[in-house]
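Chains as they are written, first to last, in the numbering used here: chain E, 166 to 356; chain S, 166 to 356. Input: a single structure, listed below in structure tokens.
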DNA sequence: AATCAAATTGACTGATTAGTCGGTCGCAAT
DNA sequence: ATTGCGACCGACTAATCAGTCAATTTGATT
């Protein structure tokens, strides 16, 4: 219930993540989560009102951690292209370092278990991206495309890269990430 | 069980699709599917060995129908750019015309309910894309990128467009599709 | 030492669900 | 007319699961 730190609470969240990506929602009973976390079922329901709220908490807290990584050191980047490249590469590297968390997002981003409230709260944390996009569009380095498309193009590149590296782990390298970003940037760069 | 045509079988598949995208797997009991399809539960299990096989059948048959659309009239296209554009636009248009089917794919493509067998069979039907990619890479109109990336870049563009149009239905238009494809092609076109 | 609240336990329950099974119906072949 | 068979039915069952609750432990405060 409370969001304060608790070792058992963390253990429950960790077990939930592991089981959920391996077995899916319907094949992950709360009893198994509790067992894996080394607690009683009662403890699980003490910390989380119900199973759905547990998933939502996991979603929100995982996303918060990811976005922290994305924000780190953006201010150090020079021009707008470098700024976008920095955020993008941070995202890809986070995804590679946290495959389970990434898979969880993919599996649950559009699932009915995640409430609208949770979804909105997660979206809010993405605000800082809008500033970057605005800066990009106001510069003269970008084609004249509308902002919503820019945003989805950006996200699409990320998803594409993650898909690609999941299917072909041997292709993971700084060089290929740079290559991908070049392709991406070429697509929208002003002539 | 049999894959032959049967009105009730079709009704079950249709009800499954509708309920699945609305309620998700775990909240769609077979009893409800049967009710919605206007048949008895026994009939459902007569046509499909179990719930999982029902989902797999739906996945496979829906994908087959989609790929039929993608293949249509490709041979009429002229150069390789037009060929790729044709397949891509067919895919996007199919997705827009069949939102439930598309959502179903998104929701279940990486889910544990879809067996490896089903996944492989679906992948096989995509073979014809490989020929197109090979033709593209052998031409001098494309940057020197490796085939696996080309494939995933292609798929990524599709997913991105679908995401974008789902979030912003007012942006659906031939013009925007063409714009997207231009951006895409710009990214990989030889200098 | 006494008090109290929060954390934890796990047996238990009410509800739900996937899948079964004995049997009916309609129809095609002999 | 009889046989056989596949489609179909729906009440039923065995199993499972989310969530409860009364009892116990822990740890901080007075």
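Even glycine gets a Cβ: it sits at the ideal position worked out from N, Cα and C.
Residue i to residue j span [Cα, whole Å]
i	j	result
residue 206 of chain S	residue 328 of chain S	36 Å
residue 184 of chain S	residue 198 of chain S	7 Å
residue 308 of chain S	residue 351 of chain S	10 Å
residue 295 of chain S	residue 250 of chain S	15 Å
residue 234 of chain S	residue 172 of chain E	53 Å
residue 263 of chain S	residue 332 of chain S	15 Å
residue 276 of chain S	residue 221 of chain S	11 Å
residue 280 of chain S	residue 274 of chain E	22 Å
residue 319 of chain E	residue 288 of chain S	27 Å
Residues of its chain near residue i, where Cβ-Cβ distance is below 7 Å and the 5 sequence neighbours each way are ignored
i	result
residue 223 of chain S	178, 181, 182
residue 190 of chain S	278
residue 349 of chain S	322
residue 300 of chain E	245
residue 305 of chain S	355
residue 248 of chain S	239, 242, 297
residue 286 of chain E	225
residue 337 of chain S	261, 330
8 Å CB neighbourhood of residue i in its chain, flanking five on each side removed
i	result
residue 303 of chain E	none
residue 272 of chain E	185, 186, 189
residue 209 of chain S	177, 195, 198, 199, 202, 219
residue 257 of chain E	323, 326, 327, 330, 342
residue 254 of chain S	342, 346
residue 269 of chain E	182, 185, 186, 223, 224, 227
residue 291 of chain S	232
Close beta carbons around residue i, own chain, < 6 Å, minus the five adjacent residues each side
i	result
residue 231 of chain E	259
residue 227 of chain S	266
residue 315 of chain S	298
residue 193 of chain E	184, 185
contact_flag[the stretch 227–246 of chain E, the stretch 209–216 of chain E] where n(CB pairs < 8 Å) is 3 or more: no
Every unbroken alpha helix (DSSP H) within the stretch 249–293 of chain E, with a cutoff of 4 residues, ordered by chain: 264–273, 281–289
Inside the stretch 200–236 of chain E only - beta strand (DSSP E) runs reaching at least 3 residues: none
The stretch 275–298 of chain E: positions lying closer than 9 Å to chain S by Cβ: 275, 276, 277, 278
Chain E contacts from the stretch 188–199 of chain S (Cβ-Cβ distance under 9 Å): 188, 189, 190, 191, 192
Positions along the stretch 251–274 of chain E whose CB lies within less than 8 Å of some CB in chain S: 268, 271, 272
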